[in-house]
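J.: Sharing a structure with you now.
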Amino acid sequence: MTKIVVLVKEVPDAAVQKQVDSSTGRLDRSGEKTLNPFDTHAIEAALQLKESGALDVDEVVAVTVGPSSAVKALHKAVSLGADRSIHLTDDALVGSDVVGTGYALAELIKRESPDLVLAGQQSDDGQSYAVGAAVAEYLGWPGLTQVIKLDVDGQTLTCERQAEYGYDTVKVTLPAVISVGDAINEPRYPSLKAIMGAKKKPLESLSLGDAEIDASKVGEAGRKAVWTGSQEPPAKAAGELIEDEDTAETVEKIVAWLDDRKLI
Amino acid sequence: MATRQRRLSESPIVPVTDERRELRDAVAQLVGRYGRTYFQDVVKRGEQPDALWADLGAAGFLGAHVSEPYGGGGGFADTAVVIEECAAQGCPIQYLVISPTICSTILDHHASDAIKEEWLHGMADGSKRMCFGITEPDAGTNTHDLSTTATPHPDGGWRINGGKYWTTGATVADALIVVARDADIGPSGKPTLSLFIVEKDAPGLTIQPLDSALTTAEKSFTVFYDDVPVKPGNLIGEQGKGLQQLFAGLNPERIAAASLANGMALFALEKASQYAKDRTVWTQPIGAHQGVAHPLAKAYIDVQLARLMTMRAAELFDAGSPAAGEAANMAKLAAADACLQALDQAMQTHGGNGLSLEVGIADLYFLARMLKVAPVSREMVLNHIAQHSLGLPKSY
Ligand SMILES: Cc1cc2nc3c(=O)[nH]c(=O)nc-3n(C[C@H](O)[C@H](O)[C@H](O)COP(=O)(O)OP(=O)(O)OC[C@H]3O[C@@H](n4cnc5c(N)ncnc54)[C@H](O)[C@@H]3O)c2cc1C
Ligand SMILES: Cc1cc2nc3c(=O)[nH]c(=O)nc-3n(C[C@H](O)[C@H](O)[C@H](O)COP(=O)(O)OP(=O)(O)OC[C@H]3O[C@@H](n4cnc5c(N)ncnc54)[C@H](O)[C@@H]3O)c2cc1C
Numbered sequence: 029m030t031k032i033v034v035l036v037k038e039v040p041d042a043a044v045q046k047q048v049d050s051s052t053g054r055l056d057r058s059g060e061k062t063l064n065p066f067d068t069h070a071i072e073a074a075l076q077l078k079e080s081g082a083l084d085v086d087e088v089v090a091v092t093v094g095p096s097s098a099v100k101a102l103h104k105a106v107s108l109g110a111d112r113s114i115h116l117t118d119d120a121l122v123g124s125d126v127v128g129t130g131y132a133l134a135e136l137i138k139r140e141s142p143d144l145v146l147a148g149q150q151s152d153d154g155q156s157y158a159v160g161a162a163v164a165e166y167l168g169w170p171g172l173t174q175v176i177k178l179d180v181d182g183q184t185l186t187c188e189r190q191a192e193y194g195y196d197t198v199k200v201t202l203p204a205v206i207s208v209g210d211a212i213n214e215p216r217y218p219s220l221k222a223i224m225g226a227k228k229k230p231l232e233s234l235s236l237g238d239a240e241i242d243a244s245k246v247g248e249a250g251r252k253a254v255w256t257g258s259q260e261p262p263a264k265a266a267g268e269l270i271e272d273e274d275t276a277e278t279v280e281k282i283v284a285w286l287d288d289r290k291l292i
Numbered sequence: 168m169a170t171r172q173r174r175l176s177e178s179p180i181v182p183v184t185d186e187r188r189e190l191r192d193a194v195a196q197l198v199g200r201y202g203r204t205y206f207q208d209v210v211k212r213g214e215q216p217d218a219l220w221a222d223l224g225a226a227g228f229l230g231a232h233v234s235e236p237y238g239g240g241g242g243f244a245d246t247a248v249v250i251e252e253c254a255a256q257g258c259p260i261q262y263l264v265i266s267p268t269i270c271s272t273i274l275d276h277h278a279s280d281a282i283k284e285e286w287l288h289g290m291a292d293g294s295k296r297m298c299f300g301i302t303e304p305d306a307g308t309n310t311h312d313l314s315t316t317a318t319p320h321p322d323g324g325w326r327i328n329g330g331k332y333w334t335t336g337a338t339v340a341d342a343l344i345v346v347a348r349d350a351d352i353g354p355s356g357k358p359t360l361s362l363f364i365v366e367k368d369a370p371g372l373t374i375q376p377l378d379s380a381l382t383t384a385e386k387s388f389t390v391f392y393d394d395v396p397v398k399p400g401n402l403i404g405e406q407g408k409g410l411q412q413l414f415a416g417l418n419p420e421r422i423a424a425a426s427l428a429n430g431m432a433l434f435a436l437e438k439a440s441q442y443a444k445d446r447t448v449w450t451q452p453i454g455a456h457q458g459v460a461h462p463l464a465k466a467y468i469d470v471q472l473a474r475l476m477t478m479r480a481a482e483l484f485d486a487g488s489p490a491a492g493e494a495a496n497m498a499k500l501a502a503a504d505a506c507l508q509a510l511d512q513a514m515q516t517h518g519g520n521g522l523s524l525e526v527g528i529a530d531l532y533f534l535a536r537m538l539k540v541a542p543v544s545r546e547m548v549l550n551h552i553a554q555h556s557l558g559l560p561k562s563y
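If you read the sequences in order, they're chains A and B. Taking our numbering, the leading residue of the first sequence gets 29, the next gets one more, and so forth. Taking our numbering, the leading residue of the second sequence gets 168, the next gets one more, and so forth.
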């Protein structure tokens, strides 16, 4: 029997204009929020492992660290097919950095002792791409990122990683922490029954004390990364528009442009 | 960070629950994989959007409002969201107003357990379809004049004789629900109606196409009934109670028609606003000209008002409120008018391109125009409101 934990985060909806609150140095999260779209790929990967029988999965558990509103992300995760969910929420967590979040998640995972932990490639807000790796480090398990194909053979996973220069094929033995790339699958949409039933699936809400997590290692108290300032990215120079009136002429212009810049 | 444009249908002005927001997003995700061109291709080829229908069924979206054992458990407000979002994604499926709406609702409320068991699961999961025939050439809006008649047969069951027209989707339905006059006058001494299920391959049934201007997948038909046998089990509910039983389906039908109109209007307004932002004819985008912007803004306001009344009507219906009928009628009228206005202005905004099939608005026009007369005409809605809301004398 195998248990899979999927790490999910609540993020501002992609339709909301995102801003950093310069007084706290944190993201302004006042707008509408949603489940991190990248995490739906991790949920889908877990469900495909379960449904295909590739792993003998008896439970998929969605886990989040986040403010009270994050229960909605958990409802979404269970409506997509997770069996139950765990929510770590505590005022002392506010302002946690990647390492702090990774530590807290690792402690939650230890309580569950799963065989496999799946995460998204990045959050849509913080987008440090690093939480999965931090979790693996704290657990002392192998950690893989950008996995876009998963093949199971007993306790061994053969993973294809999308790297800058091509594809890596890596074998790991469970337990492991795997962050999946968004090319791994096309996430499903929830069915009516799943949507209606989402609030009825078990949701465990824990404080730091409940989970016996060291408060000095998370939040403002434990953070090692500190936001110091921000500035607008430099404005890009306007591009040159070439109207295609006569194709031969257009090609000539493009070739001349590239030639000027020693690109050909 | 990913950014996306908020869909007009997501406006928080129209009341939502967490579940209904998720449902709308799920429908948008499902139908978005098909899109307007898929739908146009299906219509052009004279086919049905079967793949889309099957996906909607598999997700449970075709039976949201039917009783839980048959695949539902939600309310009609959920089905209204499904119908509206399909249309807002460029796939206005007329059949949604017929099979899951009018037919499933009547069966769920009135049919025997055996009929429900046989039909409702399939209608909710998309594997079975029913169409609905009430309109007759010589009866019109006045259902008291229906002449299609059900005569009891000595061997049990009935024989149906007569004819219906405008029966939509008859050739792709597994069965028809037929409204017929009872041959024998009941104890009240007045003619009564009953509802029957007629299987699609019943002997004596002739189905002829009725050409219309609509560019929809579902075609309409004239259906002749020549001594068509109906087995005893295929009477819906009680004999002679057809008219009362019909009411279960009429309010949902109006709410569904309104939702279809609202969705098409949102689709058109979304396209038109994008075009008005992108298209520059002089020095600014055309949307900067108030002659273009104001009519779009006004059309949007009317669509939002119609959406509010539609959702309200659905909520009243789900709560079993007697005010549901009044609200459903108002919603249907407001939605049909607002949709026509929105389509017209969206076409105008596109200039000549507004008439192109690539833009995909002009070919919605006749479906929207139909909603001004069917399932209930504008005049009959106004009659109802004048009489029941304002207490004016009955006019017919
Ligand atoms: C009360 C509270 C307030 C917070 N306020 C802020 C804030 O203002 N701004 C901010 O950016 N963050 C905030 N966080 C969250 C925390 O700081 C981030 O989760 C953390 O820094 C993760 O970095 P990232 O978003 O770059 O994740 P990435 O490393 O880009 O994410 C990769 C993957 O890791 C997993 N993951 C990431 N974060 C979480 C999580 N929290 N729970 C479960 N799985 C996760 C997901 O699977 C995700 O796809 C808050 C947390 C709490 C509890
Ligand atoms: C595309 C399409 C699909 C359809 N699908 C179906 C279907 O699947 N099943 C089905 O049974 N029917 C269907 N219909 C028929 C539709 O329901 C009727 O056309 C509609 O109810 C109007 O009835 P009628 O055509 O008989 O109009 P009539 O009753 O003949 O009315 C003609 C005109 O007179 C007006 N009028 C009538 N009485 C009054 C009055 N008392 N006061 C003021 N004005 C009045 C009407 O409003 C209308 O403008 C469909 C129609 C169309 C166009």
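Backbone N, C-alpha and C define an ideal beta-carbon position, used for all residues, glycine too.
#1: So if I threshold CB-CB distances at 7 Å, which residues from the segment 217–232 of chain A count as touching chain B?
#2: Pull up the distance between the alpha-carbon of B/Q512 and that of B/A193, whole angstroms please.
#3: Quick check: what's the CA-CA separation for B/L197 versus B/T318?
#4: Going by Cα to Cα distance, which pick from B/Q508, B/D280, B/I374 and B/E177 is closest to A/E60?
#5: Answer with yes or no whether the minimum CB distance from A/H115 to chain B is below 9 Å.
#6: May I ask you to list the residues that DSSP assigns as paired with B/L522?
#7: Can you confirm whether A/D27, when its beta carbon is compared against all beta carbons of chain B, has any partner nearer than 9 Å?
#8: At a cut-off of 8 Å, would you count B/S562 as near ligand 2, judging by its Cβ distance to the nearest heavy atom?
#9: Check whether the Cβ atoms of A/L116 and A/A105 lie closer than 9 Å to each other.
#10: Please confirm whether A/A110 and A/V198 have their CB atoms less than 9 Å apart.
#11: Which value, in whole angstroms, describes the spacing of the CA atoms of A/Q190 and A/K177?
#12: Hey, could you find the ends of the alpha helix (DSSP H) B/W220 is sitting in?
#13: Could you tell me if the beta carbon of B/I265 falls within a distance shorter than 8 Å of some heavy atom in ligand 2?
#14: So is the beta-carbon of B/V448 under 8 Å away from any non-hydrogen atom of ligand 2?
#15: Inspect the beta-carbon positions of B/A494 and B/A247 and report whether they are closer than 9 Å.
#16: Note down the Cα distance separating A/A134 from B/F434, rounded to an integer number of angstroms.
#17: Quick one: what's got a C-beta closer than 7 Å to B/L402's C-beta in the same chain, skipping five residues either side?
#18: Quick check: is the beta carbon of A/A98 nearer than 9 Å to any beta carbon in chain B?
#19: From this set, A/G194, A/K31, A/V200 and A/D196, which residue's C-alpha is nearest A/D181's C-alpha?
#20: So, is the C-beta of B/F434 closer than 9 Å to a C-beta in chain A?
#21: Does any heavy atom of ligand 2 sit closer than 8 Å to the C-beta of B/A541?
#22: Could you tell me if the beta carbon of B/A247 falls within a distance shorter than 8 Å of some heavy atom in ligand 2?
#23: Can you tell which of A/D41, A/V36 and A/G128 has its C-alpha closest to the C-alpha of B/A169?
#24: Note down, in chain order, all residues in the segment 243–276 of chain A with a beta-carbon under 7 Å from any beta-carbon belonging to chain B.
#25: With DSSP collapsed to three states, give me the class of A/H115.
#26: In terms of residue numbering, what span does the beta strand (DSSP E) encompassing B/A347 cover?
#27: Is the beta carbon of B/L381 closer than 9 Å to that of B/L534?
#28: Which residue marks the beginning of the beta strand (DSSP E) containing A/Q47, and which one marks its end?
#29: Ligand 2 and B/I403: does the residue's C-beta get closer than 8 Å to at least one heavy atom of that ligand?
#30: Given that A/K104 touches chain B, what residues does it touch there, using C-beta distances under 8 Å?
#31: Which residues does DSSP pair with A/S233 in a beta bridge?
#32: Interface residues of chain A around B/E186 at Cβ under 7 Å?
#33: For A/A147, return the contacting residues in chain B, with the cut-off set at a CB-CB distance below 8 Å.
#34: Please classify A/V122: does DSSP put it in a helix, a strand, or coil?
#35: Provide the residue span of the alpha helix (DSSP H) that contains B/S387, from first to last.
#36: CB A/G128 to CB A/K37, shorter than 9 Å?
T.: Quick look at the numbers:
#1: Y217, P218, S219, L220, K221, I223 and M224
#2: Residue 512 of chain B sits at position 345 when you count from the first residue of the second sequence. Residue 193 of chain B sits at position 26 when you count from the first residue of the second sequence. B/Q512 and B/A193: Cα-Cα distance of roughly 29 Å.
#3: In the second sequence, counting from the first residue as 1, residue 197 of chain B sits at position 30. In the second sequence, counting from the first residue as 1, residue 318 of chain B sits at position 151. Approximately 46 Å, taken between the alpha carbons.
#4: Here residue 60 of chain A corresponds to residue number 32 of the first sequence, with the count starting at 1. For the options B/Q508, B/D280, B/I374 and B/E177, the alpha carbon positioned closest to that of A/E60 is the one of B/E177.
#5: Looking up residue 115 of chain A in the first sequence gives position 87. Judged by the 9 Å Cβ criterion, A/H115 is not in contact with chain B.
#6: For the purposes of this step, residue 522 of chain B is taken as the residue at position 355 of the second sequence. Its beta-bridge partners do not exist; DSSP assigns none.
#7: The first residue shown for chain A is 29 and the last is 292, placing residue 27 of chain A beyond what the model contains.
#8: On the second sequence, residue 562 of chain B is found 395 positions in, with the first residue counted as 1. Yes, ligand 2 has a heavy atom inside 8 Å of this Cβ.
#9: On the first sequence, residue 116 of chain A is found 88 positions in, with the first residue counted as 1. On the first sequence, residue 105 of chain A is found 77 positions in, with the first residue counted as 1. Not closer than 9 Å, so no.
#10: Locating residue 110 of chain A in the first sequence gives position 82, where the first residue counts as 1. Locating residue 198 of chain A in the first sequence gives position 170, where the first residue counts as 1. No, the Cβ-Cβ distance between A/A110 and A/V198 is not below 9 Å.
#11: In the first sequence, residue 190 of chain A corresponds to position 162, counting from 1. In the first sequence, residue 177 of chain A corresponds to position 149, counting from 1. Whole-angstrom Cα-Cα distance: 9 Å.
#12: In the second sequence, residue 220 of chain B corresponds to position 53, counting from 1. Counting along the chain, the alpha helix (DSSP H) containing B/W220 begins and ends at D217 to A225.
#13: For the purposes of this step, residue 265 of chain B is taken as the residue at position 98 of the second sequence. Here the distance from the Cβ of B/I265 to the nearest heavy atom of ligand 2 is below 8 Å.
#14: By 1-based counting over the second sequence, the position of residue 448 of chain B is 281. B/V448 Cβ: outside cutoff for every heavy atom of ligand 2.
#15: Counting from one through the second sequence, the residue named residue 494 of chain B turns up at place 327. Counting from one through the second sequence, the residue named residue 247 of chain B turns up at place 80. Not a contact, by the Cβ cut-off of 9 Å.
#16: Sequence index remark: in the first sequence, residue 134 of chain A carries index 106 (1-based). Sequence index remark: in the second sequence, residue 434 of chain B carries index 267 (1-based). Looking at the two C-alpha atoms, the distance is approximately 46 Å.
#17: As a first step, residue 402 of chain B must be located in the second sequence, where it is residue number 235. The beta carbon of B/L402 sits closer than 7 Å to those of S361 and F363, all from its chain and outside the five residues before and after it, given in chain order.
#18: If you number the first sequence from 1, residue 98 of chain A lands on position 70. Closer than 9 Å: no.
#19: Sequence index remark: in the first sequence, residue 181 of chain A carries index 153 (1-based). When each option's Cα is compared against that of A/D181, the closest is A/V200.
#20: Locating residue 434 of chain B in the second sequence gives position 267, where the first residue counts as 1. No, its Cβ sits nowhere closer than 9 Å to a Cβ of chain A.
#21: Here the question's residue 541 of chain B lines up with position 374 in the second sequence. Correct: B/A541 has its Cβ closer than 8 Å to ligand 2.
#22: Mapped onto the second sequence, residue 247 of chain B falls at position 80. Not so, every heavy atom of ligand 2 lies at least 8 Å from the Cβ.
#23: In the second sequence, residue 169 of chain B corresponds to position 2, counting from 1. Cα-wise, what sits closest to B/A169 is A/D41.
#24: Those would be none; no residue qualifies.
#25: The residue given as residue 115 of chain A occupies position 87 in the first sequence. It is a strand residue.
#26: One-based indexing of the second sequence puts residue 347 of chain B at position 180. Start and end: A342 to D349.
#27: Taking the second sequence and counting its residues from 1, one reaches residue 534 of chain B at position 367. Taking the second sequence and counting its residues from 1, one reaches residue 381 of chain B at position 214. Yes.
#28: The count along the first sequence starts at 1 and reaches residue 47 of chain A at position 19. Taken as a continuous stretch (DSSP letters only), A/Q47 belongs to no beta strand (DSSP E), as it is neither H nor E.
#29: Taking the first residue of the second sequence as 1, we reach residue 403 of chain B at position 236. Outside the cutoff, so no.
#30: Here the question's residue 104 of chain A lines up with position 76 in the first sequence. Neighbours of A/K104 on chain B, chain order: E189.
#31: Taking the first residue of the first sequence as position 1, residue 233 of chain A is located at position 205. Residue pairing for A/S233: DSSP places it in a beta bridge opposite A/H115.
#32: Taking the first residue of the second sequence as 1, we reach residue 186 of chain B at position 19. Correct list: I223 and M224.
#33: Position 119 of the first sequence, counted from the start, is the residue given in the question as residue 147 of chain A. Here the premise fails: no neighbours, minimum Cβ distance about 17 Å.
#34: What you label residue 122 of chain A is simply residue 94 of the first sequence in a count that begins at 1. Residue state, collapsed to three classes: coil.
#35: Walking along the second sequence from the start, residue 387 of chain B turns up at place 220. Note, B/S387: premise wrong, no alpha helix (DSSP H); beta strand (DSSP E) at S387 to V397.
#36: Mapped onto the first sequence, residue 128 of chain A falls at position 100. Mapped onto the first sequence, residue 37 of chain A falls at position 9. No, the pair does not count as a contact, with Cβ atoms beyond the cut-off.
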